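Residue numbers (the numbering used here), protein chains in the order written: chain H, 7 to 257; chain U, 7 to 257. Where is the CB? At the ideal position from N, CA and C, for every residue including glycine. Since this is a predicted model, take the numbers as computed values, not measurements. One structure is given below, encoded as structure tokens.
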DNA sequence: TCTTCTTGCGTACACTATACGCATCACTCT
DNA sequence: AGAGTGATGCGTATAGTGTACGCAAGAAGA
């Protein structure tokens with residue numbers, strides 16, 4: 007699976023993000039809308055993955071010509087940015103408790119759930135995130151939950167984005183494995199078994215004693231278990247930097 | 007930037023990874039070799055990024071016909087897998103100290119350095135990692151450094167891959183921003199300034215008081231500072247699970 | 001020498017994004 | 001009502017992608 011880039015024309019994308027009003031009421035009304043295009047793209051991505059999202063496919067899904075899409079979206083990169091902001095959800099989030107640990111924990115779980123629902127999401131490049139209204143709203147809500155820590159704003163942002171980065175990375179691995187399984191028809195188990203013979207030979211060579219001694223079930227950890235482990239590590243590691251108090255738990 | 011997938015024909019790739027011998031000495035000797043193809047691909051990726059790595063481009067770089075590459079590599083996905091194992095370096099790594107914290111710290115720094123040297127690397131999908139000889143060698147070395155912890159093998163692997171996942175995620179963001187800057191000619195600063203007007207308007211709306219109150223320099227953290235923060239958090243968070251002792255440091 | 005096997009590669013096909021230009025139609029102004 | 005304006009939908013064309021197929025050339029074994 008190959009990475010997909012966002013961020014084309016910044017001004018144009020921002021305008022579409024913050025001002026989705028239907029434009030001037032001159033000329034033909036138009037049966038196609040920006041919202042319809044973005045929604046169709048998300049449907050395709052949810053159903054068949056990010057690499058199935060092509061302009062032809064979206065247009066076909068909507069029953070219009072391919073180039074008609076370009077009347078509402080500057081290009082594919084901008085479309086991806088719009089998809090990102092769209093899936094963040096419409097409604098105002100329920101406020102976070104004023105408790106940095108509970109806030110970051112809930113935020114981590116929400117992001118994880120979101121990335122698991124839209125499995126293409128962690129594969130969209132976010133190195134230049136366009137700040138849409140929903141993204142800003144969500145960030146504002148998280149900041150509201152972090153007001154109980156004496157840490158600097160810089161540390162708050164660092165903590166916030168570290169949770170995001172880790173969860174996105176884990177979701178990439180998890181979703182990638184699932185999608186590869188569905189697409190190739192080769193299950194993850196079969197995939198590792200296919201590597202078996204070579205690995206067995208390597209193990210028997212005696213060059214990798216510690217790897218050879220590993221129990222097989224070591225790699226059987228479920229995504230949810232991995233996520234819980236990781237989230238716990240993050241919160242415990244952030245504690246000395248945000249809480250000023252001792253570590254709360256261990257697992 | 008769009009995500010690139012590895013993992014095509016597993017058996018074929020594994021054979022190429024572990025047995026790069028030149029094949030039977032029948033027929034024409036052949037001036038092209040697997041190693042040359044992989045090296046050329048890495049050169050292109052280092053110079054112009056992952057999306058510049060096309061079969062035509064690699065062939066052109068080697069002065070051969072495009073389809074000649076397919077005599078040595080089953081396809082592009084397999085080529086990416088081979089590139090991955092190749093950049094892990096040839097030589098045996100210097101052994102890790104028997105100290106889980108020092109080991110994971112050094113491992114994290116090495117992975118970070120590697121991902122920063124080959125900036126395309128964190129964009130290659132690793133959800134189905136092919137275990138090449140160099141990858142196995144590296145993992146064996148890390149396991150050797152983790153023998154001082156009473157934690158289970160499962161927890162060792164979890165800790166190990168958590169460092170990998172986080173560093174890869176951070177490198178994706180960092181490298182992605184740099185590459186976008188070089189490719190588009192729009193600097194990161196200009197990019198954020200382009201978002202300025204819209205964001206200022208949003209801030210002045212009063213709907214985002216906490217975001218509006220953020221100091222500007224909050225987003226000026228350098229990649230290295232972010233990495234150091236993250237690595238410290240990880241090690242501190244892993245301590246109660248691996249060390250059985252109290253937290254060592256805070257920053 | 002003749003057969004066999006391998007390499008190199010030209011051509012073709014099915015995809016991708018998107019630049020350009022034209023016909024169509026609705027609304028606004030005269 | 002009629003003319004003018006401007007946006008919409010979209011057909012065509014271009015430049016790129018990965019790769020299946022088949023053929024010519026040449027070296028080693030029989």
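| Item | Value |
| --- | --- |
| DSSP puts residue 148/U in a beta bridge; with which residues? | According to DSSP, residue 148/U bridges with nothing at all. |
| Quick check on the DSSP output: the alpha helix (DSSP H) that includes residue 6/H runs from which residue to which? | A question about residue 6/H goes unanswered here, because the residues of chain H that appear run from 7 up to 257. |
| Between the beta-carbon of residue 183/H and the beta-carbon of residue 171/H, is there less than 8 Å? | no |
| What would DSSP say about residue 192/H, mapped onto helix, strand or coil? | coil |
| Rounded to a whole number of angstroms, what is the C-alpha to C-alpha distance between residue 107/H and residue 226/H? | 29 Å |
| How many angstroms separate the CA atom of residue 153/H from the CA atom of residue 147/H? | 11 Å |
| Could you give the DSSP three-state label for residue 59/U: helix, strand or coil? | coil |
| From which residue to which residue does the alpha helix (DSSP H) around residue 49/U run? | 40-54 |
| Closer than 9 Å, Cβ to Cβ, to anything on chain H: give me those residues from the stretch 160-171 of chain U, in chain order. | 160, 161, 162, 163, 164, 165, 167, 168, 170, 171 |
| For a contact defined as C-beta to C-beta under 9 Å, what are the partners of residue 145/H on chain U? | 214, 216, 217 |
| Going along chain U, which residues have a C-beta under 7 Å from residue 175/H? | 171, 172, 174, 175 |
| Give a yes or no on whether the C-beta atoms belonging to residue 240/H and residue 239/U are separated by under 8 Å. | yes |
| So, does the CB of residue 247/U fall closer than 8 Å to a CB anywhere in chain H? | yes |
| Taking Cβ-Cβ distances shorter than 9 Å, what residues in chain H pair up with residue 221/U? | 158, 159, 160 |
| Assign residue 256/U to one of two classes, buried (16 or more other C-beta atoms within 10 Å of its C-beta) or exposed (fewer than that). | In this prediction, residue 256/U has a pLDDT of 41, which is less than 50 and means its spatial position is unreliable; nothing more can be read from the coordinates. |
| Note down, in chain order, all residues in the stretch 108-140 of chain U with a beta-carbon under 8 Å from any beta-carbon belonging to chain H. | 129, 131, 132, 133, 134, 136, 137, 139 |
| List, from N- to C-terminal side, the alpha helix (DSSP H) runs of 4 residues or more that fit wholly inside the stretch 116-172 of chain H. | 139-151 |
| Run through DSSP, which three-state label would residue 201/U get? | helix |
| Classify residue 247/U as helix, strand or coil using the three-state DSSP reduction. | helix |
| Can you give me the C-alpha to C-alpha distance between residue 133/U and residue 116/U, rounded to a whole angstrom? | 21 Å |
| Straight-line CA distance for residue 124/U to residue 212/U? | 43 Å |
| With a threshold of 8 Å between beta-carbons, can residue 197/H be considered close to chain U, or not? | yes |
| Please tell me whether residue 95/H has its Cβ less than 8 Å away from any Cβ of chain U. | no |
| Taking DSSP as the reference, what is the three-state secondary structure of residue 110/U? | helix |
| Is it right to say residue 158/H is buried, meaning 16 or more other beta carbons lie within 10 angstroms of its own, or is it exposed? | exposed |
| Can you pull the chain U residues whose beta carbon is under 7 Å from the beta carbon of residue 227/H, in chain order? | 160, 164 |
| Is DSSP giving residue 224/H helix, strand or coil here? | helix |
| For residue 216/H and residue 200/H, I'd like the C-alpha separation in whole angstroms. | 21 Å |
| Would you list, in chain order, the members of the stretch 39-57 of chain U that have their beta-carbon closer than 9 Å to a beta-carbon of chain H? | 56, 57 |
| What would DSSP say about residue 238/U, mapped onto helix, strand or coil? | helix |
| Could you work out which residue in 84/U, 224/U, 83/U, 244/U is closest to residue 166/U when comparing CA atoms only? | 244/U |
| So residue 61/U packs on residue 40/U, CB below 8 Å; how close in whole Å? | Actually they are not in contact, since the Cβ atoms of residue 61/U and residue 40/U sit about 14 Å apart, beyond 8 Å. |
| Decide if residue 91/U is buried, meaning its Cβ has at least 16 other Cβ atoms within 10 Å, or exposed. | buried |
| Output the distance between the C-alpha atoms of residue 122/H and residue 196/H, rounded to the nearest integer angstrom. | 23 Å |
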